[in-house]
Amino acid sequence: MTTAKDPLPLVTVVMPVFNGARTLRQSVTSVLDQTFRSLELVVVDDASTDDTVRIAEELAEGDARVRIVRRERSGGPAAARNSGIAGGTGRFLAFCDADDLWLPEKLQRQLDLARASGASLLYCGYHRVSADFAGTGADFVPEGRVVHVPTQLTREGLLRRNVIGNLTAVVDLERTGPVTMPDVPGAEDYALWLSILREGGTAAGIDEPLALYRAAQEDSHSSDRTRAVRAVWQVLRGQERLSVPSAAVHLVTGALAALRKNRI
């Protein structure tokens, strides 16, 4: 357990949650169990109506690194993450949703890569697990469902397909300056990664699975594939200013890649 005498956390982890009582404890534990200890976890309750707040408060009582931000009205993933970002104090910013998990060495491995590469944006591969997965990051036994990633990534490569899982991303705010997630429901994280690379940032990845992505629940934000396609189109045309032909090619390429990934 950390104390008031500990230095400011080097990594701020933002965890938005809406009615996530079923999985929140597992996800929080996977962050707190990182071998890299100098972190703060900002749990953002997006106006949940289940036991989410009670569970979050229990976890915060057990570890001083956990802070809770409560939103009076649900604003969706981008607004919730931005509330967490605004309350962070770390040089590095990481994301973990309340139904995903990290393996114990994830942060340490990525921070080592940040020092070695000087990249603004770090990411890694991940395991896909079923929606009813009940294990933990610490005792996870690989099932062979691995999403691989390139170790280097340019803006052009990211335009073709989003290879950065939100649960794997780490942003070096000292290199990027302050960031916020654009409010593009279904592609808010993709919009942020592209904006970082468009502004001259660099990205580096670890082609090893260091996190667990839980398959989407039917009522989750990521289960609406049609909305996701519309959101990507909005990012490519509205934010990145691609021509209609170029945006269409990238949209199709990305959609095919997403279909292949979802079959893993």
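Just so we're aligned, residue 5 is where the sequence shown starts under the numbering used here, counting upward by one. Glycine residues also receive a C-beta, built at the ideal position from the N, C-alpha and C atoms. The structure displayed is predicted, hence computed values, not measured ones.
**Asked** Closest to threonine 33 by CA distance: which of Asn266, Trp106, Val73 and Thr16 is it?
**Response** Here the question's residue 33 lines up with position 29 in the sequence shown. It is Trp106 whose Cα lies nearest to the Cα of threonine 33.
**Request:** Confirm, please, whether the CB-CB distance from alanine 25 to aspartate 55 is below 8 angstroms.
**Result:** Working through the sequence shown from its first residue, we reach residue 55 at position 51. Working through the sequence shown from its first residue, we reach residue 25 at position 21. Contact flag set, yes.
**Message:** Going by C-alpha to C-alpha distance, which of Gly205, Arg218, Val18 and Val46 sits closest to alanine 135?
**Reply:** Mapped onto the sequence shown, residue 135 falls at position 131. Nearest C-alpha to alanine 135: Arg218.
**Message:** Helix, strand or coil for aspartate 49? Go by DSSP, reduced to three states.
**Reply:** By 1-based counting over the sequence shown, the position of residue 49 is 45. In the structure shown, aspartate 49 sits in a strand (DSSP, three-state: E or B).
**Prompt:** How many Å lie between serine 42 and glycine 204 at the Cα?
**Reply:** The residue you call residue 42 lines up with position 38 of the sequence shown. The residue you call residue 204 lines up with position 200 of the sequence shown. Approximately 28 angstroms, taken between the alpha carbons.
**Request:** Using the Cα positions of valine 70 and leucine 63, report the straight-line distance between them to the nearest angstrom.
**Result:** Taking the sequence shown and counting its residues from 1, one reaches residue 70 at position 66. Taking the sequence shown and counting its residues from 1, one reaches residue 63 at position 59. Their backbone Cα atoms lie some 7 angstroms apart in a straight line.
**Asked** Taking Cβ positions, are leucine 97 and leucine 177 nearer each other than 8 angstroms?
**Response** Position 93 of the sequence shown, counting from 1, holds the residue named residue 97. Position 173 of the sequence shown, counting from 1, holds the residue named residue 177. Taking 8 angstroms as the cut-off, the beta carbon of leucine 97 is found closer than this to the beta carbon of leucine 177.
**Asked** At least one CB of chain D closer than 8 angstroms to the CB of aspartate 193: is that the case?
**Response** Reference to chain D is not applicable here, since this structure consists of a single protein chain.
**Request:** For histidine 225, name the three-state secondary structure that DSSP assigns.
**Result:** Along the sequence shown, one-based indexing puts residue 225 at 221. Legend: pLDDT at histidine 225 = 49, less than 50; position of this residue unreliable, value from coordinates given subsequently. The answer is helix: DSSP assigns histidine 225 an H, G or I state.
**Request:** Can you tell me which of the three DSSP states arginine 159 falls into?
**Result:** Taking the first residue of the sequence shown as position 1, residue 159 is located at position 155. DSSP places arginine 159 in helix when its eight states are reduced to three.
**Asked** How would you write the range of the beta strand (DSSP E) that glutamate 212 sits in, first residue to last?
**Response** Here residue 212 refers to the residue found at position 208 of the sequence shown. Counting along the chain, the beta strand (DSSP E) containing glutamate 212 begins and ends at 207-218.
**Asked** Do valine 173 and alanine 232 have their C-beta atoms within less than 8 angstroms of each other?
**Response** As a first step, residue 173 must be located in the sequence shown, where it is residue number 169. As a first step, residue 232 must be located in the sequence shown, where it is residue number 228. Per the sequence shown, residue 173 should be read as alanine rather than valine. For alanine 173 and alanine 232, no; Cβs fall outside 8 angstroms.
**Item:** Three-state secondary structure assigned by DSSP to proline 20
**Value:** The sequence position of residue 20 within the sequence shown is 16, counting from 1. Strand, per DSSP.
**Cα-Cα separation, lysine 265 to asparagine 23** = Mapped onto the sequence shown, residue 265 falls at position 261. Mapped onto the sequence shown, residue 23 falls at position 19. Roughly 27 angstroms separates the two Cα atoms.
**Asked** For histidine 254, which residues does DSSP report across the bridge?
**Response** Here residue 254 refers to the residue found at position 250 of the sequence shown. According to DSSP, histidine 254 bridges with nothing at all.
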